[in-house]
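Numbering (the numbering used here), first residue to last: 146 to 272. Scroll down for the structure; my scribbles are underneath it.
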Amino acid sequence: MSGTATVERKAITRPIRNKSEFNQIREEWIALMDAPRGTPERDRFELLTILIGAYEMEHVQEPDFPTPQAAVKFMAEQKGLSQGELAELLGGRSRLSEFMTAGHELSKSQIKTLRDNLGIPADLLIG
Numbered sequence: 146m147s148g149t150a151t152v153e154r155k156a157i158t159r160p161i162r163n164k165s166e167f168n169q170i171r172e173e174w175i176a177l178m179d180a181p182r183g184t185p186e187r188d189r190f191e192l193l194t195i196l197i198g199a200y201e202m203e204h205v206q207e208p209d210f211p212t213p214q215a216a217v218k219f220m221a222e223q224k225g226l227s228q229g230e231l232a233e234l235l236g237g238r239s240r241l242s243e244f245m246t247a248g249h250e251l252s253k254s255q256i257k258t259l260r261d262n263l264g265i266p267a268d269l270l271i272g
């Protein structure tokens, strides 16, 4: 393995505590990615994977997903749907208004309809 000789290996005695340690561990992890199974290098790669995952769970924020209303508005615009066509998909203008302005939740059938017609993943449509 060509990349492993340039990375300093220290004994792992504790979890990753800061961004600098994270970057050092990640650099070594990248160098060990191609380590063959059953080798000490692969074992270390797997251990580093656990440490990196634990650090990311505590310190890396989840991306901000759009609201269901923003997702519907965006995809309707992308597909060129008029307000009337979108209202038809949701069961009428009043239902569209309730959803878009008052934030009412969608029914299962409306979620399926929007998923099928606009290509929006169902999990983004659940409020």
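Even for Gly, the Cβ is constructed at its ideal location relative to N, Cα and C. Please read all numbers here as calculations on a predicted model, not as lab measurements.
- About 6 Å separates the Cβ atoms of Glu173 and Leu193, confirming a contact at the 8 Å cut-off.
- Taking the C-beta atoms as reference points, Met245 is found nearer than 7 Å to Gln214.
- Residue burial annotation: Ile271 is exposed, with fewer than 16 other C-beta atoms found within 10 angstroms of its C-beta.
- Distance between Lys253 and Ser227, taken at the CA atoms: about 22 Å.
- Taking a C-beta distance under 7 Å as the contact criterion, Ile265 and Met220 qualify as a contact pair.
- Taking C-beta atoms as the reference points, Ile175 and Tyr200 fail to come closer than 7 Å.
- About 7 Å separates the Cβ atoms of Leu269 and Pro211, confirming a contact at the 8 Å cut-off.
- Nearest to Arg154 by alpha-carbon distance, out of Pro185, Gly225, Val217 and Ser239, is Pro185.
- By the beta-carbon neighbour count (other beta carbons within 10 angstroms, threshold 16), Ile170 is buried.
- For Asn262 against Leu234, the beta-carbon gap comes to about 6 Å, under 8 Å, which counts as contact.
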